[in-house]
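Right, one structure below, let's go through it.
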Amino acid sequence: MRNISLILKQFSKSVLLVAGMALCGLTANAQADPAKGEAIFKAKCTACHKIDVRMTGPALGPQLTQETDDAYLTKWIQNNQALIAAKNQKALKIYNEYNQAGMTVFTELTDADVANVIAYVRDDWKKVQADKAKAPAGGEAATADAGPSNLVIFGLIGVILIAFIVILVLNKVIATLERLLLSNKGLLVEEEETEEAVKGDKFAVVKKALKNKKLVFFIIVCGTVAMGSWSWVTMWNTNVHQGYQPVQPIKYSHKLHAGTMKLECQYCHTGAFKSKNASIPSLNVCMNCHKAVKTESPEIHKIYDALGYDPATAKYDTTKAHPIQWVRIHNLPDLAYFNHSQHTVVGAIKCQKCHGEVQEMQEVYQYSPLTMKWCIQCHKRTNVNYKGNGYYDKILALHDAIKKGKKPTVDVLGGIECAKCHY
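Put into structure tokens, the structure is as follows:
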């Protein structure tokens with residue numbers, strides 16, 4: 025009997041211990057704070073993960089919803105490398121699925137921190153699914169893009185027609201009243217006789233106007249001035265494309281990127297401070313951000329298609345890649361030499377001086393005329409900043425040498441530089 029009582033006591037202790045641990049686990053889960061988890065997620069996870077879209081790592085919403093073993097998830101998040109080294113089958117499966125890309129270990133996160141992150145991901149995934157269920161299948165979007173209804177259009181046309189009819193009626197009434205007044209004064213008979221005389225001749229009014237020498241002289245002078253002005257303006261603006269704003273294959277907004285996001289011009293146009301050409305950025309520059317940002321945008325998917333990039337697998341297929349056919353806006357004739365770096369670095373000219381307030385442009389257009397006259401006027405008005413400017417150090421040294429009586433040769437002024445002869 026004593027042995028039986030001891031066994032029962034040990035069994036009851038084990039049951040109570042298991043029940044206590046389960047209760048603590050449930051309490052920990054119940055006390056998980058999604059708000060705190062959101063802060064941790066944004067600070068540590070957003071570089072590689074999104075809730076609903078695959079990035080470097082998997083979409084966490086469906087992943088954490090399918091995986092119900094929170095103890096395993098906690099170990100994975102805190103130290104996934106230890107699980108992989110221990111040959112954990114779940115860990116090895118996800119590790120191999122993502123090309124054995126190493127995930128950062130977060131040993132500094134406590135179990136409570138991880139529970140908060142898991143709670144936030146699951147809650148946010150539920151919200152994403154609920155929003156998708158509520159979203160209309162193109163109903164609201166179609167209504168927004170439909171423009172004004174047919175009733176409004178036909179109503180406006182009706183108002184215009186009514187106004188036109190009213191004007192005609194009023195003109196008829198005014199003409200009738202004038203005829204009555206002239207009839208009372210005895211002047212209408214003369215007018216009717218004049219009308220009888222010219223009734224059979226369709227060009228009587230024109231013939232009468234041509235007999236008026238002053239009118240003919242005035243028309244000739246106005247025509248000559250108009251034609252001369254038009255010819256001058258047309259020839260002067262030949263190949264001047266100020267205001268040119270072509271439609272680009274991708275709707276890239278400089279107002280958003282350079283204005284709102286404050287991106288420097290050189291981040292994309294890397295050659296502006298280094299070489300003659302400012303250069304068109306490669307699509308890889310776009311992918312620095314848009315591998316994770318605005319991945320649902322149709323315009324961003326044009327970049328993906330051009331690179332042969334599949335956002336679902338995060339892989340590139342070079343056989344599907346093709347160049348984007350950008351339309352050039354600023355184009356100088358072949359006879360003109362322009363060097364971006366000389367203006368931006370040596371002259372310290374800001375991009376907006378020639379290209380306008382690009383950070384305010386939704387679509388870029390040619391702001392300046394880029395004519396020879398425009399360039400010469402700028403060169404006449406811009407002061408040379410030679411102090412502390414390495415480009416002018418040789419010239420200043422040359423001036424000092426001349427003052428001392430020395431006779432400089434052409435090579436001192438760069439006369440033996442390759443580009444002087446070989447352009």
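Going by our numbering, the final residue of the sequence shown carries number 447, and the count climbs one at a time with no gaps. Every residue gets a Cβ at the ideal spot worked out from N, C-alpha and C, and that includes glycine. Keep in mind it's a predicted model, so treat the numbers as computed, not measured.
Express the C-alpha separation of L394 and V463 in angstroms, rounding to a whole number.
Outside the shown range of the chain (25 to 447) lies residue 463, about which nothing can therefore be said.
Per DSSP, what are the beta-bridge partners of D94 in this structure?
Under the DSSP definition of a beta bridge, D94 lacks any partner.
Could you say which of Y340, P335, M396 and G380 lies nearest to P357 if we only look at CA atoms?
Taking the Cα of P357 as reference, the smallest distance to any Cα among Y340, P335, M396 and G380 is reached at M396.
For Y333, the three-state DSSP class (helix, strand or coil)
DSSP places Y333 in strand when its eight states are reduced to three.
Assigned exposure category for W149 - 16 Cβ within 10 Å defines buried:
W149 comes out buried.
Per DSSP, what kind of secondary structure is Y415 in: helix, strand or coil?
Helix, per DSSP.
Specify, as a first and last residue, the run of the alpha helix (DSSP H) that P347 falls within.
Counting along the chain, no alpha helix (DSSP H) covers P347, and no H or E run does either.
Suppose the cutoff is 6 Å on Cβ atoms and the five residues either side in sequence are ignored; what does the same chain contact list for A187 look like?
Hits under 6 Å: none found.
Just the Cα atoms here: how many angstroms apart are C399 and K158?
One C-alpha to the other measures close to 58 Å.
Local conformation of K404 per DSSP, three classes
Here K404 sits in helix by DSSP.
Would you decide whether H403 is buried or exposed? Buried here means 16 or more other CB atoms lie within 10 Å of its CB.
Classification of H403: exposed, given that the 10 Å Cβ count is below 16.
Tell me, please, whether the region 333 to 349 touches the region 366 to 374 by the rule of three or more beta-carbon pairs shorter than 8 Å.
Taking 8 Å as the limit for Cβ pairs, the verdict is that the region 366 to 374 does not touch the region 333 to 349.
Do G61 and C72 count as a contact pair if the criterion is CB distance below 8 Å?
No, Cβ-Cβ distance for C72 and G61 is not below 8 Å.
Whole-angstrom distance between A136 and A143, CA atom to CA atom:
Each residue's CA atom was taken as its position, placing A143 and A136 some 10 Å apart.
Would V145 be called buried (16 or more neighbouring beta carbons within 10 Å of its own) or exposed?
Result: buried.
Whole-number beta carbon distance between V141 and Q105, since they are thought to touch under 8 Å:
Distance from Q105 to V141 at the Cβ level is roughly 18 Å; contact not present, criterion being Cβ atoms closer than 8 Å.
Do you know whose CA, among L204, P322, K298 and F241, lies nearest K275's CA?
Of all alpha-carbon atoms in L204, P322, K298 and F241, the one lying nearest the alpha-carbon of K275 is that of P322.
Tell me whether Y291 sits in a helix, a strand or coil according to DSSP, three-state version.
If DSSP states are grouped into helix, strand and coil, Y291 belongs with the helices.
Would you list the residues sitting across from Y340 in a DSSP beta bridge?
Paired residue(s): Y333.
So, with DSSP's three-state summary, where would you put G252?
In this structure, G252 counts as helix in the three-state DSSP scheme.
Distance, I419 Cα to T284 Cα:
Distance between T284 and I419, taken at the CA atoms: about 42 Å.
Quick one: does the C-beta of V351 sit closer than 7 Å to a heavy atom of the ligand FMN?
For the structure depicted, the ligand FMN is absent and the ligand set is empty, with no information on it obtainable.
Applying the 10 Å Cβ sphere with the 16-neighbour rule, what's the burial state of G85?
By the Cβ-count criterion, G85 is buried, with 16 or more other Cβ atoms from all chains shown falling within 10 Å of its own Cβ.
Can you look up A392 in the DSSP assignment and give me helix, strand or coil?
Looking at the sequence shown, residue 392 is not Ala but Ser. The answer is coil: DSSP assigns S392 none of H, G, I, E or B.
Helix, strand or coil at L23 according to DSSP, with G and I counted as helix:
Examination of residue 23 is not possible in this model, given that the chain is present from 25 through 447 alone.
What number of angstroms, rounded off, separates the C-alpha of A250 from the C-alpha of L239?
A250 and L239 have their alpha carbons spaced roughly 16 Å apart.
Would A425 and P432 qualify as a contact pair, given that the criterion is a beta-carbon distance under 8 Å?
Taking a C-beta distance under 8 Å as the contact criterion, A425 and P432 qualify as a contact pair.
Measuring CB to CB, does Q376 end up less than 8 Å from K279?
No. Outside cutoff.
Could you pull the start and end residues of the alpha helix (DSSP H) that I64 belongs to?
P58 to K68 is the extent of the alpha helix (DSSP H) around I64.
Where the alpha helix (DSSP H) containing V317 begins and where it ends:
Premise fails: V317 is in no alpha helix (DSSP H) and is neither H nor E.
Would you tell me roughly how many angstroms separate the C-alpha atoms of A316 and M79, rounded to the nearest one?
Distance from the CA of A316 to the CA of M79, rounded to the nearest whole angstrom, comes to 7 Å.
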